[in-house]
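Peer 1: Under my numbering, residues 1036 to 1459 are what the sequence shown spells out, in order.
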Amino acid sequence: MKTAVAPLAHEVPPAAADDVIAELQEIYIEKGTPMFMRTVLALFSGGFATFALLYCVQPMMPLLSHEYSINAAQSSLILSVATGMLAFGLLITGPISDRIGRKPVMVAALFAAALCTIASSMMPSWHGVLIMRALIGLSLSGLAAVAMTYLSEEIHPQHIGLAMGLYIGGNAIGGMSGRLITGVLIDFVSWHTAMLVIGGLALVAAAVFWKILPESRNFRARSLHPRSLLDGFTMHFRDAGLPLLFLEAFVLMGAFVTLFNYIGYRLLAAPYNLDQVFVGLLSVVYLSGIYSSAKIGSLADKLGRRKVLWATIALMFAGLALTMFTPLLLVIVGMLIFTFGFFGAHSVASSWIGRRATKAKGQASSLYLFSYYAGSSIAGTAGGVFWHLGGWNGIGLFIGSLLLIALLVALKLAKLPPLGGVKA
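#1: With burial defined as no fewer than 16 other Cβ atoms inside 10 Å of the residue's Cβ, what is the status of Ser1401: buried or exposed?
#2: What whole-angstrom Cβ distance do Ser1115 and Ser1382 have, given they're in contact under 8 Å?
#3: Could you tell me whether the segment 1376 to 1395 touches the segment 1260 to 1276, using the rule of 3 or more Cβ pairs below 8 Å?
#4: In this structure, how does DSSP classify Leu1059 when only helix, strand and coil are distinguished?
#5: Would you mind sorting Thr1269 into buried or exposed? The rule is 16 or more other CB atoms within 10 Å of its CB.
#6: From Asp1054 to Asn1253, what distance separates their C-alpha atoms?
#7: What residue range is occupied by the uninterrupted alpha helix (DSSP H) comprising Asp1133?
#8: Just reading off the alpha helix (DSSP H) that Leu1173 is part of, what are its end residues?
#9: By Cβ distance below 8 Å, which residues in the same chain neighbour Phe1360 in space, the five residues on each side in sequence not counted?
#10: Ends of the alpha helix (DSSP H) at Val1292?
#11: For the alpha helix (DSSP H) that contains Met1199, what are its first and last residues?
#12: Can you say whether His1423 is buried or exposed, counting buried as having 16 or more other CB atoms within 10 angstroms of its CB?
#13: I'd like to confirm the pairing. Which residues does DSSP put opposite Ile1064 in its beta bridges?
#14: So Phe1086 and Gly1163 are supposed to be a Cβ contact under 8 Å. How far apart are they, rounded?
#15: In chain order, what residues of the same chain have a beta carbon less than 7 Å from the beta carbon of Val1140, not counting five sequence neighbours either side?
#16: Compare the beta carbon distance of Ala1107 and Tyr1300 with 7 Å and say whether it is the shorter of the two.
#17: Ala1445 and Trp1345: beta carbons closer than 7 Å?
#18: Is the CB-CB distance between Leu1309 and Leu1302 below 7 Å?
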């Protein structure tokens, strides 16, 4: 809990009175309390549903290429339109949550995305599927934009890295489960049925989220006036660190999605000729991300984010290098290390946003995640060009270039002066 010495009434300028009252009333959720457990479990469920709904389509891409007679880059649109619309929606839903509150926006987002997923399983055409996927992405922006802000407002600053890591761990489990369930199911049932199952699971997760997430205690409504929104965005881009974190999100997520978009095409072809079930089971590499997101998030709380971020990117480089070899075991180990490094890096960078953004935190989170999902959408589809031109060597060159940018940005962030004496 924050401690503060209340100023005498005559010492407080009238214009600042509301800010002083808000500061004194700010009560954080402490680690080890029942409310902390409810919060992380709810956000874990929300992260699970978000990533399961987004990435359940990745194992289907080779199947969709065959069913609709489209190439790999075109098939990747089933993911890219969702992440692209999610990125666009972030610019809207974040500021809306600054006005009407965090929990209502997140609850509505999860239920809408689950229902759209169920509807997508009934679409008779490729274009119909893409339209529903776009609506899913737009809906999920309501949770993605707000979850980070909710945690930064409600969780004690000493434990924000751990809480963010657990939330991102939910993302990792959701991504793994979505891929695993559909990757296995589509070998036995239609992809339509697989999507119906994922939509049903997401509805359950949405109900759990709604029931157990505590109401906001530190939320302060802000104006939705266009000038107020513009001032918030301008303030964030004038900060020395936030624009670098936005760029980091773009290249890291672009690299991660590209690898998982096209690894299935590689493993289904010679010399591996694996079946769809085995390729789907490889989603268990996400377990390394579940561990790393919480572990590295907690480590960053202790050592400082500037000392940890660049090391996680170096791990991604090592994992990518191993996937360039032919033996299947090396490829799988490389995927494990790459995933471990990515989720660790995302945990560090996302918690850093909440520390550097002193005002309009919803907008700051929206900009970070806009960059994150824009990287997924743009790089995820652009990688298809490199796949067609150079196979896995082309993918390696593309991802390696993105990681080089990420490493240079992390090293620049490491040299940033702390903000207001805080290690952030």
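No residue lacks a Cβ here, since even glycine has one placed at the ideal position from N, Cα and C.
Peer 2: Based on what the coordinates show:
#1: Walking along the sequence shown from the start, residue 1401 turns up at place 366. Looking at its Cβ environment, which holds 16 or more other Cβ atoms inside 10 Å, Ser1401 is buried.
#2: Position 80 of the sequence shown holds residue 1115. Position 347 of the sequence shown holds residue 1382. Cβ atoms of Ser1115 and Ser1382 stay farther apart than 8 Å, at about 24 Å.
#3: Yes: at least three Cβ pairs fall under 8 Å.
#4: The residue given as residue 1059 occupies position 24 in the sequence shown. Low per-residue confidence applies at Leu1059: pLDDT is 37, beneath 50, and the placement is therefore not dependable, though the value from the model is reported in the following sentence. Assignment of Leu1059 by DSSP, reduced to helix, strand and coil, places it in the helix class.
#5: Translated into positions along the sequence shown, residue 1269 becomes position 234. Exposed, since its Cβ has fewer than 16 Cβ neighbours within 10 Å.
#6: Along the sequence shown, read from residue 1 onward, the residue named residue 1054 stands at position 19. Along the sequence shown, read from residue 1 onward, the residue named residue 1253 stands at position 218. With a pLDDT of only 46 at Asp1054, under the threshold of 50, the placement of this residue in the model should not be trusted; the figure read from the coordinates follows. Roughly 12 Å between the two C-alpha positions.
#7: Sequence index remark: in the sequence shown, residue 1133 carries index 98 (1-based). Where Asp1133 is concerned, the enclosing alpha helix (DSSP H) starts and stops at 1112 to 1135.
#8: Along the sequence shown, read from residue 1 onward, the residue named residue 1173 stands at position 138. Counting along the chain, the alpha helix (DSSP H) containing Leu1173 begins and ends at 1161 to 1189.
#9: Counting from 1 along the sequence shown, the entry for residue 1360 is found at position 325. Cβ within range, chain order: Val1366, Gly1369.
#10: By 1-based counting over the sequence shown, the position of residue 1292 is 257. For Val1292, the enclosing alpha helix (DSSP H) has its first and last residue at 1277 to 1303.
#11: If you number the sequence shown from 1, residue 1199 lands on position 164. Going by DSSP, Met1199 is part of the alpha helix (DSSP H) stretching over 1195 to 1220.
#12: Mapped onto the sequence shown, residue 1423 falls at position 388. With a threshold of 16 other beta carbon atoms within 10 Å, His1423 falls short and is exposed.
#13: As a working note, residue 1064 is residue 29 in the sequence shown. Under DSSP, Ile1064 forms a beta bridge with Ile1190.
#14: As a first step, residue 1086 must be located in the sequence shown, where it is residue number 51. As a first step, residue 1163 must be located in the sequence shown, where it is residue number 128. Not confirmed; about 24 Å, so no contact.
#15: Counted from its first residue, the sequence shown places residue 1140 at position 105. Here the set comprises Thr1128, Ile1131, Ser1132, Gly1177, Val1181.
#16: Numbered from its first residue, the sequence shown carries residue 1107 at position 72. Numbered from its first residue, the sequence shown carries residue 1300 at position 265. Yes, these two residues count as a Cβ contact at 7 Å.
#17: Position 410 of the sequence shown, counting from 1, holds the residue named residue 1445. Position 310 of the sequence shown, counting from 1, holds the residue named residue 1345. Here Ala1445 is near Trp1345, since their CB atoms are less than 7 Å apart.
#18: Sequence index remark: in the sequence shown, residue 1309 carries index 274 (1-based). Sequence index remark: in the sequence shown, residue 1302 carries index 267 (1-based). Contact check for Leu1309 against Leu1302 passes: the beta carbons are separated by less than 7 Å.
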